[in-house]
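Here the protein sequences come in this chain order: G and R.
Each residue of the first sequence is one higher than the last, beginning at 1110 in the working numbering.
Each residue of the second sequence is one higher than the last, beginning at 1110 in the working numbering.
Beta carbons: idealized from backbone N, C-alpha and C, even for Gly.
2 protein chains.
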Amino acid sequence: MEKLFRFLNQLMPLSPELKADLNKRIYKRIAMHGELVIPEGKVCTQLYFIRRGFLRGFHYQKGREITTWFAFENDIATSTYSFLAQKIAYENVEAIEDSILYGINYDDLNTIYRLHPEFNYIGRLLTEKYYFDLMEHSLSLQFQNAKESYLQLITDHPQILKRASLGHIASYLGISQETLSRIRSKIV
Amino acid sequence: MEKLFRFLNQLMPLSPELKADLNKRIYKRIAMHGELVIPEGKVCTQLYFIRRGFLRGFHYQKGREITTWFAFENDIATSTYSFLAQKIAYENVEAIEDSILYGINYDDLNTIYRLHPEFNYIGRLLTEKYYFDLMEHSLSLQFQNAKESYLQLITDHPQILKRASLGHIASYLGISQETLSRIRSKIV
DNA sequence: GTTTACATTTGATAAAAGTCAAAAAATAAT
DNA sequence: ATTATTTTTTGACTTTTATCAAATGTAAAC
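#1: Quick check: the Cα distance between G:Y1169 and G:Y1230, rounded to an integer number of angstroms?
#2: So which residues of chain R does G:S1247 contact, with C-beta pairs closer than 7 angstroms?
#3: Residues in its own chain within less than 7 angstroms of R:H1142 by CB, not counting five upstream and five downstream?
#4: Quick one: complete beta strand (DSSP E) runs, 3+ long, within the region 1203 to 1263 of chain G?
#5: Looking at the structure shown, is R:T1189 part of a helix, part of a strand, or coil, going by DSSP?
#6: Does the count of Cβ pairs from the region 1207 to 1219 of chain G and the region 1220 to 1227 of chain R closer than 8 angstroms reach three?
#7: Examine chain R for any beta-carbon lying closer than 8 angstroms to the beta-carbon of G:I1159, and answer yes or no.
#8: Of all the residues that make up the region 1112 to 1131 of chain R, which are near chain G by a beta-carbon distance shorter than 7 angstroms?
#9: Using three-state DSSP, classify G:Y1199 as helix, strand or coil.
#10: Would you give the residue range spanned by the alpha helix (DSSP H) that R:H1168 belongs to?
#11: Are the Cβ atoms of R:I1185 and R:V1152 separated by less than 8 angstroms?
#12: Based on the DSSP output, what are the partners of R:T1176 in its beta bridges?
#13: Quick one, are the C-beta atoms of R:I1159 and R:E1182 less than 8 angstroms apart?
#14: Rounded to whole angstroms, what's the CA-CA distance from R:S1280 to G:Q1251? Just pull it up for me.
#15: Beta carbons nearer than 9 angstroms to chain R: which residues of the region 1180 to 1200 of chain G have them?
#16: Inspect the beta-carbon positions of R:W1178 and R:R1161 and report whether they are closer than 8 angstroms.
#17: Can you check DSSP and say which residues form a bridge with G:I1159?
#18: Between the region 1220 to 1234 of chain R and chain G, which residues of the former have a C-beta closer than 8 angstroms to a C-beta of the latter?
#19: Does the beta-carbon of R:M1110 have 16 or more other beta-carbons within 10 angstroms, so that it is buried, or is it exposed?
#20: Output, in sequence order along the chain, the residues in the region 1268 to 1290 of chain G whose CB is closer than 9 angstroms to any CB in chain R.
#21: Taking G:T1236 as the query, report the chain R residues whose CB atoms sit under 7 angstroms from its CB, ordered along the chain.
#22: Tell me the DSSP secondary structure of R:A1273 in three-state form.
#23: Just to check my reading of the structure: G:L1282 and G:S1258 have Cβ atoms closer than 8 angstroms, yes? What is that Cβ distance to the nearest angstrom?
#24: Going by DSSP, what residue range makes up the beta strand (DSSP E) through G:I1296?
#25: Where G:S1274 and G:I1175 are concerned, what is the direct C-alpha to C-alpha distance, given to the nearest angstrom?
#26: State buried or exposed for R:F1228, treating a residue as buried only when at least 16 other CB atoms are found within 10 Å of its CB.
#27: Only counting the same chain, and skipping five residues up and downstream in sequence, which positions put a Cβ closer than 8 angstroms to that of R:S1285?
#28: Please name the residue in R:L1270, R:K1271 and R:Y1199 whose C-alpha comes closest to that of G:L1248.
#29: Let me know the secondary structure DSSP gives G:K1112 once reduced to three states.
#30: According to DSSP, is R:L1282 helix, strand or coil?
#31: In terms of alpha-carbon separation, which member of R:A1129, R:T1189 and R:Y1211 lies closest to G:M1244?
#32: Once you ignore the five residues that flank G:I1292 on each side, which residues in its own chain have a CB closer than 7 angstroms to its CB?
#33: Would you mind reading off the limits of the alpha helix (DSSP H) that contains G:L1131?
#34: Classify G:T1063 as buried or exposed, calling it buried when 16 or more other Cβ atoms lie within 10 Å of its own Cβ.
#35: Less than 8 angstroms between the CB atoms is what I'm expecting for G:Y1240 and R:Y1240, so what's the real figure, rounded?
#36: From what residue to what residue does the beta strand (DSSP E) around G:V1152 run?
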């Protein structure tokens, strides 16, 4: 848990009381490779900090899996829309490597926000960070062709390339797996 | 300004002091149709609430304009990445209808956040809202074809359809203007 | 080491979307 | 109203990407 506090502390110094209140409510969870950390179909109540490992968010569209994000060490992961809006999730979260997570549930997090209004600053900052990430992904989808998107992924997110499967990467880039395979063969 | 306070108040009741501090720092700006409200190439220091009108965000890619968002009455608009990260803007904001805006500058907004930590809650809430909007747009770009994206725009954002030009809408959907025109002719 | 399961590549073909150029339609300016 | 300007549509053609099917490669399980 030390690593989570270091992470939060670098965003904003945490008071001892805030630290204690967080400590009381955060729990540890292990997720093995292939494990569905958050399932679709019900309201997602858990938010996770990734201490170690690799997760992805995906959902089904016309019978196929669409991966919409990847998350690593020091990232926050949840079924975002469902967690924030407290509506039924259509998004699944899966561990694609053995992972160690620190979790907090929705009500507990809101209790923290209520008891420590300054914690909203961290909430705002993290939401902004993930907004930027999404913006980057979205721009790549909007005006780049398959090859350009792939090249950008190579330079901006080599981690994803190394650790995710071709199929997951392809759907993340909004292209078919065959197209990605062909692009890759031409580049190397 | 009454309308802005009503908007904020419905997110969280504003204390009289907060209201006064906002009042001191918020100014009014008129932007005419075609006016560049925020230009690229320098750090964006202004955030606007749209009292009335219609704006779009766009940037240039391979010599062409790419529209990434539209914003209406009761929306917040700025060159998002530049404003939040205080980095050089690559995004322009243009009024595509005569508009009335309420603005605040970056330092003043942060003064508000400092003097009134609870205002971070509103900041978090609004960031989350725009995160959802972006997510919706991004998903549409990722796994829908041109026709599906257009049909979704018709049902989800008829306002955009009515008020934006074909070229703007096409680039927003990530397709060429000719393709959009052909799709439209087949549907009607 | 062989079998089984799963992931990736390759080939042939079809569908979707882009490009360039010109015509038509809609708006704005005089 | 007429002209000028901008926006939208249409046509011919090219490029990109998807799809389906099969082959190959890789890794785990027995």
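Reading off the structure:
#1: Residue numbering aside, residue 1169 of chain G sits at position 60 when the first sequence is read from its first letter. Residue numbering aside, residue 1230 of chain G sits at position 121 when the first sequence is read from its first letter. About 34 angstroms.
#2: Position 138 of the first sequence, counting from 1, holds the residue named residue 1247 of chain G. Contact annotation for G:S1247 against chain R: L1243, H1246, S1247 and L1250 [CB-CB distance below 7 angstroms, chain order].
#3: Here residue 1142 of chain R is taken as the residue at index 33 of the second sequence, counted from 1. Excluding sequence neighbours, R:H1142 sits near A1204, I1205, E1206 and D1207.
#4: 1208 to 1214, all fully within the region 1203 to 1263 of chain G.
#5: Mapped onto the second sequence, residue 1189 of chain R falls at position 80. Residue state, collapsed to three classes: helix.
#6: no
#7: Here residue 1159 of chain G corresponds to residue number 50 of the first sequence, with the count starting at 1. It does not: the Cβ of G:I1159 has no partner Cβ on chain R nearer than 8 angstroms.
#8: When CB distances to chain G are screened at a threshold of 7 angstroms, not a single residue of the region 1112 to 1131 of chain R falls below it.
#9: The residue labelled residue 1199 of chain G in the question sits at position 90 within the first sequence. In this structure, DSSP gives G:Y1199 a state outside helix and strand, which the three-state scheme calls coil.
#10: Sequence index remark: in the second sequence, residue 1168 of chain R carries index 59 (1-based). Taken as a continuous stretch (DSSP letters only), R:H1168 belongs to no alpha helix (DSSP H), being part of the beta strand (DSSP E) at L1164 to Q1170.
#11: The count along the second sequence starts at 1 and reaches residue 1185 of chain R at position 76. The count along the second sequence starts at 1 and reaches residue 1152 of chain R at position 43. No, the pair does not count as a contact, with Cβ atoms beyond the cut-off.
#12: Position 67 of the second sequence, counting from 1, holds the residue named residue 1176 of chain R. Assignment of beta-bridge partners to R:T1176 by DSSP yields R:F1167.
#13: Here residue 1159 of chain R refers to the residue found at position 50 of the second sequence. Here residue 1182 of chain R refers to the residue found at position 73 of the second sequence. Yes, these two residues count as a Cβ contact at 8 angstroms.
#14: Here residue 1280 of chain R refers to the residue found at position 171 of the second sequence. Here residue 1251 of chain G refers to the residue found at position 142 of the first sequence. Looking at the two C-alpha atoms, the distance is approximately 8 angstroms.
#15: Result list: T1189, Y1190, L1193 and A1194.
#16: Stepping through the second sequence from its first residue, residue 1178 of chain R is reached at position 69. Stepping through the second sequence from its first residue, residue 1161 of chain R is reached at position 52. Contact check for R:W1178 against R:R1161 fails: the beta carbons are separated by 8 angstroms or more.
#17: For the purposes of this step, residue 1159 of chain G is taken as residue 50 along the first sequence, with counting starting at 1. Paired residues: G:L1210.
#18: Listed in chain order, the positions of the region 1220 to 1234 of chain R with a beta carbon within less than 8 angstroms of a beta carbon of chain G are Y1222, P1226, E1227, N1229, Y1230, G1232 and R1233.
#19: Counted from its first residue, the second sequence places residue 1110 of chain R at position 1. For R:M1110, the number of other beta carbons within 10 angstroms of its own is below 16, and it is reported as exposed.
#20: S1280, Y1281, L1282 and G1283
#21: In the first sequence, the residue the question calls residue 1236 of chain G occupies position 127. Those within 7 angstroms of G:T1236 in chain R are R1233, T1236, E1237 and Y1240.
#22: On the second sequence, position 164 is the one that residue 1273 of chain R refers to. Coil at R:A1273, not helix or strand.
#23: For the purposes of this step, residue 1282 of chain G is identified with residue 173 of the first sequence, where counting begins at 1. For the purposes of this step, residue 1258 of chain G is identified with residue 149 of the first sequence, where counting begins at 1. At roughly 5 angstroms, the Cβ-Cβ gap stays under 8 angstroms, so G:L1282 and G:S1258 are in contact.
#24: Sequence index remark: in the first sequence, residue 1296 of chain G carries index 187 (1-based). Here G:I1296 belongs to no beta strand (DSSP E); instead the alpha helix (DSSP H) covers Q1286 to I1296.
#25: As a position in the first sequence, residue 1274 of chain G is number 165, starting the count at 1. As a position in the first sequence, residue 1175 of chain G is number 66, starting the count at 1. Roughly 13 angstroms separates the two Cα atoms.
#26: Position 119 of the second sequence, counting from 1, holds the residue named residue 1228 of chain R. Result: buried.
#27: By 1-based counting over the second sequence, the position of residue 1285 of chain R is 176. Only A1279 meet the Cβ criterion.
#28: Sequence index remark: in the first sequence, residue 1248 of chain G carries index 139 (1-based). Comparing Cα positions, the closest option is R:Y1199.
#29: As a first step, residue 1112 of chain G is located in the first sequence; it is residue number 3 there, counting from the start. Reduced to three states, the DSSP call for G:K1112 is helix.
#30: Position 173 of the second sequence, counted from the start, is the residue given in the question as residue 1282 of chain R. It is helical.
#31: Numbered from 1 along the first sequence, position 135 holds the residue referred to as residue 1244 of chain G. When only C-alpha atoms are compared, the closest one is R:T1189.
#32: For the purposes of this step, residue 1292 of chain G is taken as the residue at position 183 of the first sequence. Same-chain partners within the cutoff: A1255, K1256 and Y1259.
#33: In the first sequence, counting from the first residue as 1, residue 1131 of chain G sits at position 22. Residues P1125 to R1134.
#34: A query on residue 1063 of chain G cannot be resolved here, the shown segment of chain G reaching from 1110 to 1297 and no further.
#35: Taking the first residue of the first sequence as position 1, residue 1240 of chain G is located at position 131. Taking the first residue of the second sequence as position 1, residue 1240 of chain R is located at position 131. A Cβ-Cβ distance of about 5 angstroms is found for the pair G:Y1240 and R:Y1240, placing them in contact under the 8 angstroms criterion.
#36: Taking the first residue of the first sequence as position 1, residue 1152 of chain G is located at position 43. No beta strand (DSSP E) holds G:V1152; DSSP gives it neither H nor E.
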